[in-house]
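For the sequence shown, the numbering used here begins at 157 and goes up steadily by one.
Note that CB positions come from ideal geometry on N, CA and C, so glycine has one too.
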Amino acid sequence: MKAIRNIFLALALLGTVSCGNDWLELDPSTAVNTDEAVKTLQEVEFTMNGIYNMMRTSDLYSGRMMYYGDVTGDDMQAVSSSKRTGSYYRFSFTRDNGPSSHWSGLYQIIQNANLVLSRVDGIKVSEDDEQWRDNLKGEALAVRSLALFDLTRFFGVPYLKDNGASLGVPIVTTLSEIDAKPARSTVAQCYAQFVGDLEYAEELMSPEFAKGRMNKWAALSLLARAYLYMGEDAKALKAAEDAIAGAEENRWALWSNKDYPTAWSDDASAAAPGEILFEMVINTVESQGKETMGRLNSKDGYDDMCITVSFYHLLKEDPDDVRLKLLSFDKKKYAYVFKYQPQAGEDIMDANVPVIRLSETYLIAAEAAVKTGDNDKAVKYLDAIVSRANPAKTVVGTTVTLDDVMQERRKELVAEGHRMFDVIRNGGTVKRIDEEDASLTSTRHFASDKEYNWDFYKIILPIPKAERDANPNVAQNPGYDN
Ligand code: CA
157 MKAIRNIFLA
167 LALLGTVSCG
177 NDWLELDPST
187 AVNTDEAVKT
197 LQEVEFTMNG
207 IYNMMRTSDL
217 YSGRMMYYGD
227 VTGDDMQAVS
237 SSKRTGSYYR
247 FSFTRDNGPS
257 SHWSGLYQII
267 QNANLVLSRV
277 DGIKVSEDDE
287 QWRDNLKGEA
297 LAVRSLALFD
307 LTRFFGVPYL
317 KDNGASLGVP
327 IVTTLSEIDA
337 KPARSTVAQC
347 YAQFVGDLEY
357 AEELMSPEFA
367 KGRMNKWAAL
377 SLLARAYLYM
387 GEDAKALKAA
397 EDAIAGAEEN
407 RWALWSNKDY
417 PTAWSDDASA
427 AAPGEILFEM
437 VINTVESQGK
447 ETMGRLNSKD
457 GYDDMCITVS
467 FYHLLKEDPD
477 DVRLKLLSFD
487 KKKYAYVFKY
497 QPQAGEDIMD
507 ANVPVIRLSE
517 TYLIAAEAAV
527 KTGDNDKAVK
537 YLDAIVSRAN
547 PAKTVVGTTV
557 TLDDVMQERR
567 KELVAEGHRM
577 FDVIRNGGTV
587 KRIDEEDASL
597 TSTRHFASDK
607 EYNWDFYKII
617 LPIPKAERDA
627 NPNVAQNPGY
637 DN
């Protein structure tokens, strides 16, 4: 009976984001009620399920968290100002109206992961259950790391701009008291935290597929991504190579050219995980409503975000590129990326959302190899993506440049939340170029910000007003502070 009561307490805690109750408005999201009791591995498992449930809401990883990095870049845009993606595309947020869920939702994940981590070591288990416990601990560390990584890139300037000297976000690794008011750590300190956690997590975690959950190869891929953002290229290459080798030994594989146009609708399973390392699983029973990537990216849904004309021109430089088959054009002359394909029998809003995909890990390996001067490996990993897109093409025999890899990333990862971060983290300039095409006559840039780099203050978000009101120790980002 007590266990059941505690589970309900955990549920109430997890529900605070979606309910939008007063607690969030009164207290910083970094605080948590410590009344919980998680005393068995079953209860840990239950709490982890609650964390994944929270992650897959459309405020987080099935919606806003994913589209931000695309519509703030040059390859995708809002269809119009009034669309959900419009304020991101136009950088129209201010210190008073900045989006709040990026902060509050991610801290809810962190705090619930902390709840798991504060209890899991103390749970006595039989020898048979030690691996189960290790894996759960690794999962909690990995999801906490993903949340802190995203908080740091949403609210802190790119690591390589000043080697992480700027402010990141508060690091919260224990169940802080309800009135805790932590200040922001530096970007470098945030990276040190989640890189260290991921290095530990991947040692603990299971190599096997688990539907909708973090696994060892997803954690290693995320670690590789983090190293790449830091300029730790040799480490990024090693982590990415280890992730690729380990995943492929455990049945993951890049989708084939033939399967690529429709593989997105496959329901990844242990027998056929495809290239989905970590995804948000949504289905009819646990629908996340209509604000998900499936509907936002479809002409049959909210038709919220579309590709830019310049991106279309880039992609159709090779008319045989398989990725052109993912584009769907509507009568109004916009084109949408159909990666968020519903699984069998589902509405489009219930399409699963990949968060970490094996193709990205290949592209991390290729980029890191270029940066470390290892052309053989750059060719190997880039060619897998290039020749999959069009088997008649290859980069074998060439000297791969950073630009080659970045162009391929644009084509491969469009609509998966990467583009603006990819330009900015390498010190580049986003250029929103006006071009015209007979198939996309309605598509035009309407944002006033057309060219920007990591010096543009709006490439990071303002700290939400409610959080600063509740915790004055959290400094505002420069540019938003007056
Ligand atoms: Ca689904």
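Based on Cα-Cα distance, which residue from the options lies nearest to residue i?
i: Ser282; options: Lys337, Thr196, Ser598 and Phe311; result: Thr196
i: Ile438; options: Tyr608, Ile504, Asp560 and Ser332; result: Ile504
i: Val276; options: Thr557, Phe247, Lys317 and Glu199; result: Glu199
i: Thr440; options: Asp506, Val465 and Leu482; result: Asp506
i: Gln444; options: Ser598, Ala594, His258 and Asn508; result: Asn508
i: Ala382; options: Arg566, Asn582, Glu364 and Glu607; result: Asn582
i: Ser421; options: Leu379, Ser598, Leu482 and Gly457; result: Leu482
i: Trp259; options: Leu384, Arg220 and Arg479; result: Arg220
i: Thr363; options: Ala403, Tyr468, Phe602 and Lys455; result: The displayed chain sequence assigns Pro, not Thr, to residue 363. The candidate whose alpha carbon is nearest that of Pro363 is Ala403.
i: Glu568; options: Ala540, Asp318, Ser332 and Ile580; result: Ala540
i: Leu480; options: Glu359, Asn413 and Glu591; result: Asn413
i: Thr597; options: Arg212, Tyr468 and Leu452; result: Tyr468
i: Gly457; options: Val235, Thr203 and Asp215; result: Val235
i: Ser454; options: Pro498, Ala419, Gly320 and Leu471; result: Pro498
i: Pro620; options: Tyr223, Gly261, Thr203 and Asn205; result: Gly261
i: Tyr419; options: Gln349, Ile400, Lys488 and Ala500; result: The sequence given here places Ala at residue 419; Tyr does not occur at that position. The shortest Cα separation from Ala419 among Gln349, Ile400, Lys488 and Ala500 belongs to Ala500.
i: Leu304; options: Asp415, Tyr263 and Asn627; result: Tyr263
i: Tyr224; options: Ala374, Asp306, Phe612 and Gln345; result: Asp306
To the nearest whole angstrom, what separates the beta carbons of residue i and residue j, a pair I think is in contact under 8 Å?
i: Thr330; j: Asn268; result: Actually they are not in contact, since the Cβ atoms of Thr330 and Asn268 sit about 13 Å apart, beyond 8 Å.
i: Arg340; j: Gly324; result: 6 Å
i: Ile265; j: Met210; result: 6 Å
i: Ala357; j: Ser377; result: Ala357 to Ser377, Cβ: 12 Å. No contact.
i: Val561; j: Leu514; result: Not confirmed; about 16 Å, so no contact.
i: Trp411; j: Leu433; result: Their Cβ separation, rounded to whole angstroms, is 13 Å, which puts Trp411 and Leu433 out of contact at 8 Å.
i: Tyr636; j: Arg251; result: 4 Å
i: Arg369; j: Tyr208; result: 7 Å
i: Glu435; j: Ala424; result: 7 Å
i: Phe247; j: Lys614; result: 4 Å
i: Thr116; j: Leu393; result: Look at the range of the chain in this structure, 157 to 638, and you will see that residue 116 is not part of it.
Does the beta carbon of residue i fall short of 7 Å from some heavy atom of ligand 3?
i: Asn508; result: As presented, the structure is devoid of ligand 3, carrying ligand 1 as its sole ligands.
In angstroms, rounded to a whole number, what distance separates the CA positions of residue i and residue j?
i: Thr555; j: Lys536; result: 11 Å
i: Leu538; j: Val552; result: 9 Å
i: Met232; j: Ile279; result: 48 Å
i: Ala194; j: Asp290; result: The question names Ala, but residue 194 is Val in the sequence shown. Taking the straight line joining both Cα atoms gives about 16 Å.
i: Leu558; j: Ala336; result: 44 Å
i: Leu316; j: Glu502; result: 43 Å
i: Ala571; j: Ser595; result: 20 Å
i: Asp486; j: Thr550; result: 32 Å
i: Pro618; j: Glu286; result: 43 Å
i: Phe365; j: Asn406; result: 8 Å
i: Val511; j: Tyr217; result: 8 Å
i: Asp625; j: Tyr347; result: 26 Å
i: Ile616; j: Asp398; result: 32 Å
i: Asp593; j: Pro255; result: 34 Å
i: Asp215; j: Glu473; result: 35 Å
i: Asn633; j: Val465; result: 33 Å
i: Lys320; j: Tyr608; result: A small fix is needed here, since residue 320 is Gly in this sequence, not Lys. Their Cα atoms are separated by approximately 20 Å.
i: Arg600; j: Lys606; result: 12 Å
i: Asp353; j: Asp476; result: 42 Å
i: Glu359; j: Ile580; result: 31 Å
i: Leu182; j: Ser257; result: Confidence is the limiting factor: at Leu182 the pLDDT is only 39, short of 50, which leaves the residue's position unreliable, though a coordinate-based value still follows. Going from the Cα of Leu182 to the Cα of Ser257 covers about 15 Å.
Under 8 Å, with one C-beta from each stretch per pair, do the segment 448-468 and the segment 425-434 reach the 3-pair mark?
no
Is it the case that the segment 575-590 contacts the segment 217-228, given that we only count it when at least three CB pairs across the two stretches are under 8 Å?
yes
Segment contact, 8 Å Cβ cut-off, at least three pairs: the segment 377-392 with the segment 521-538
yes
I want to know whether the segment 577-595 touches the segment 543-551 - three or more CB-CB distances under 8 Å.
no
Decide yes or no for the touch test of the segment 484-493 against the segment 454-473: beta carbon pairs closer than 8 Å, at least 3 of them.
yes
Just checking, does the segment 236-245 make contact with the segment 291-308 on the three C-beta pairs under 8 Å criterion?
no
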